[in-house]
Amino acid sequence: IANDEPIQKFGDGTATRTWIYISDIVSAFLLAIQNPCGGFAEFNTGAPNSTTLNELISCAERVTGKKAIIEQMEVPPGDAHTVGHPSYNLIKRTLGWVPKVSVEEG
Numbered sequence: 088i089a090n091d092e093p094i095q096k097f098g099d100g101t102a103t104r105t106w107i108y109i110s111d112i113v114s115a116f117l118l119a120i121q122n123p124c125g126g127f128a129e130f131n132t133g134a135p136n137s138t139t140l141n142e143l144i145s146c147a148e149r150v151t152g153k154k155a156i157i158e159q160m161e162v163p164p165g166d167a168h169t170v171g172h173p174s175y176n177l178i179k180r181t182l183g184w185v186p187k188v189s190v191e192e193g
């Protein structure tokens with residue numbers, strides 16, 4: 088969008104995903120490395136809410152101040168329309184980690 092290049096939009100844009108910024112992932116890894124749990128533990132990371140493709144495109148348009156050039160595409164076979172929220176309760180409880188960067192900030 089920022090470079091005025093077309094982006095592919097699959098389906099009607101109502102499919103949802105959870106988006107997490109890389110600095111939140113890095114902070115989760117660093118906390119896990121710095122605070123070993125006496126062996127091992129598996130932690131999920133995630134965002135507190137889901138975002139539709141349409142919302143993500145609108146967010147990018149607001150941030151860049153440009154209108155997206157959309158290349159409309161068919162939904163790929165087997166694509167999940169709605170993706171649930173990963174629970175990050177264990178890493179929050181164990182290490183105090185929570186995501187800090189919103190979709191718009193990222």
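Going by our numbering, the sequence shown opens with residue 88, and the numbers climb by one from there.
All C-beta atoms in this analysis are idealised placements derived from N, C-alpha and C, irrespective of residue type, glycine included.
Are the CB atoms of residue j and residue i within a distance shorter than 7 Å?
i, j, result
"T138", "V190", "yes"
"F141", "S174", "Residue identity differs from the one stated: residue 141 is Asn in this sequence, not Phe. No, Cβ-Cβ distance for N141 and S174 is not below 7 Å."
"G133", "T103", "no"
"Q45", "E158", "Only positions 88 to 193 of the chain appear in this structure, which leaves residue 45 out of reach."
"P93", "I178", "no"
In the DSSP output, what is residue i paired with across the bridge?
i, result
"E158", "Q95"
My output table needs one value for residue i: the three-state DSSP class, helix, strand or coil.
i, result
"T138", "strand"
"T101", "coil"
"S174", "coil"
"C146", "helix"
"F127", "coil"
"T181", "helix"
"V113", "helix"
"A119", "helix"
Just checking residue i against the ligand ADP - is the residue's beta carbon closer than 6 Å to any of the ligand's heavy atoms?
i, result
"V170", "Inclusion of the ligand ADP in the displayed structure is not the case, the ligand content being empty and no account of it being possible."
Sufficient close CB pairs (3 or more, under 8 Å) joining the region 117-130 to the region 157-169: Below 8 Å, too few C-beta pairs join the region 117-130 and the region 157-169 to call them touching: fewer than three.
Inter-stretch contact (C-beta, 8 Å, three-pair minimum) for the region 107-123 and the region 178-187: Contact annotation: the region 107-123 touches the region 178-187, with at least three C-beta pairs closer than 8 Å.
The region 104-116 in contact with the region 148-165 per 3-pair CB rule at 8 Å: They do not touch, by the three-pair rule.
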